[in-house]
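The structure appears right after this line, and notes come after that.
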Amino acid sequence: MFIPVIHAIRKEPQLEREFFGHTFTDEDKKALRETGNLGRTVELTFPGKDEPTRSFVSIDRLTNDIIALGADRVRIPDEIKGVKLSDEQKKELSEGRSIYVEGMTSKTGKHFNANLQFNADKRSIEFRFGSPKQGQRQRQAPEGQEQAEQKELRVPKKMLGREISPEEQAKLKAGETVYMTGLIDKKGEPFNAYVRPNFEKNKFDFLKWNPDKSQAKEVTPDNASRTQVAVNSEGKTNEATKHVKEPLKQGQTEPTALQEQKEEEKKRSKGMKM
Numbered sequence: 001m002f003i004p005v006i007h008a009i010r011k012e013p014q015l016e017r018e019f020f021g022h023t024f025t026d027e028d029k030k031a032l033r034e035t036g037n038l039g040r041t042v043e044l045t046f047p048g049k050d051e052p053t054r055s056f057v058s059i060d061r062l063t064n065d066i067i068a069l070g071a072d073r074v075r076i077p078d079e080i081k082g083v084k085l086s087d088e089q090k091k092e093l094s095e096g097r098s099i100y101v102e103g104m105t106s107k108t109g110k111h112f113n114a115n116l117q118f119n120a121d122k123r124s125i126e127f128r129f130g131s132p133k134q135g136q137r138q139r140q141a142p143e144g145q146e147q148a149e150q151k152e153l154r155v156p157k158k159m160l161g162r163e164i165s166p167e168e169q170a171k172l173k174a175g176e177t178v179y180m181t182g183l184i185d186k187k188g189e190p191f192n193a194y195v196r197p198n199f200e201k202n203k204f205d206f207l208k209w210n211p212d213k214s215q216a217k218e219v220t221p222d223n224a225s226r227t228q229v230a231v232n233s234e235g236k237t238n239e240a241t242k243h244v245k246e247p248l249k250q251g252q253t254e255p256t257a258l259q260e261q262k263e264e265e266k267k268r269s270k271g272m273k274m
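The sequence shown begins at 1 in the UniProt record's numbering and counts up one residue at a time.
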């Protein structure tokens with residue numbers, strides 16, 4: 001689970017406070033201040049969880065908030081920038097430590113070396129440049145240099161014509177699913193949906209059911225909206241809606257009586273042509 005601690009921009013991260021049951025050591029504080037990453041994974045106790053979760057911890061460079069990401073949500077790649085990682089290197093990264101990798105290839109075809117370390121705030125592996133001896137204490141890569149393979153999914157303040165509350169933004173940033181009403185499709189019609197961040201594809205998924213629950217009753221509320229979005233926004237159709245030329249209204253899954261009447265009149269008028 002990805003857990004952001006939402007606050008206004010701070011001058012310094014609050015490392016003296018207990019963080020989900022973990023007290024930062026002096027070495028922890030030094031690593032976080034110098035590299036932005038803890039340099040190891042720790043067991044954190046999140047609200048609503050009975051068992052502690054092994055997590056990565058980093059600092060949000062923009063706000064100085066402390067960010068945690070459950071290790072179970074992280075996949076270490078087999079290869080980075082053309083270099084195949086050894087099992088030992090993958091193990092080091094999965095435990096939050098920094099590794100030095102040589103002979104990587106940039107997008108321009110140039111070879112480079114860098115320290116690699118997983119960053120919980122970016123949800124990806126970051127590149128830091130310098131000698132291998134500097135390890136975790138190396139400065140962060142300047143903007144524009146080689147970054148992680150994945151792009152960070154930004155959570156907007158407004159989505160499909162609807163304002164997103166700070167609570168909803170926090171849940172989406174944490175990778176949680178949020179049920180939203182009053183979204184507007186491409187035809188200007190309102191609809192409801194379960195919205196889930198898709199970090200792999202760097203986009204948001206709009207679903208007719210809650211993917212976090214399996215009960216059938218969770219599927220029902222958004223079935224109608226799913227049909228509406230498919231027709232109005234995605235250009236799809238089904239047997240019931242294939243002749244409907246007008247945008248579907250909220251909750252509509254088949255033609256209205258008036259739309260059916262218009263279609264019948266259109267068919268009759270075509271049949272009478274000489």
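We put the CB at the ideal spot given by N, CA and C, even for glycine.
Rounded to whole angstroms, the separation of the alpha carbons of N192 and Q117 is 39 Å.
The shortest CA-to-CA distance from Y179 to any of N202, P211 and K187 is the one to P211. Annotation for V42: H22, S55 and V57 place their beta carbon closer than 7 Å to its own, counting only its chain and skipping 5 residues before and after. By the neighbour-count criterion, in which a residue is buried when 16 or more other Cβ atoms sit within 10 angstroms of its Cβ, P166 is exposed. Separation of G36 and P190 (C-alpha to C-alpha, rounded to the nearest whole angstrom) is 42 Å. Per the C-alpha coordinates, the member of F19, G175, K110 and D121 positioned closest to G96 is D121.
A direct Cα-to-Cα measurement between T25 and P52 gives close to 19 Å. As summarised for the UniProt domain "DUF3945" (77-130), the continuous beta strand (DSSP E) elements at least 3 residues long and confined to that stretch are 99-105, 111-119 and 124-128, given in chain order. Residue burial is scored here from C-beta neighbours: G188 has fewer than 16 other C-beta atoms within 10 angstroms and is therefore classed as exposed.
L207: member of the beta strand (DSSP E) spanning K203 to L207, first to last residue.
Excluding its 5 nearest sequence neighbours in each direction, K158 has C-beta neighbours in its own chain below 8 Å: I164, listed in chain order. Note: R162 is bridge-paired with M159 in the DSSP secondary-structure output. Cβ-Cβ distances below 8 Å link E12 to N64 in the same chain, with the five nearest sequence neighbours on each side left out; the list follows chain order.
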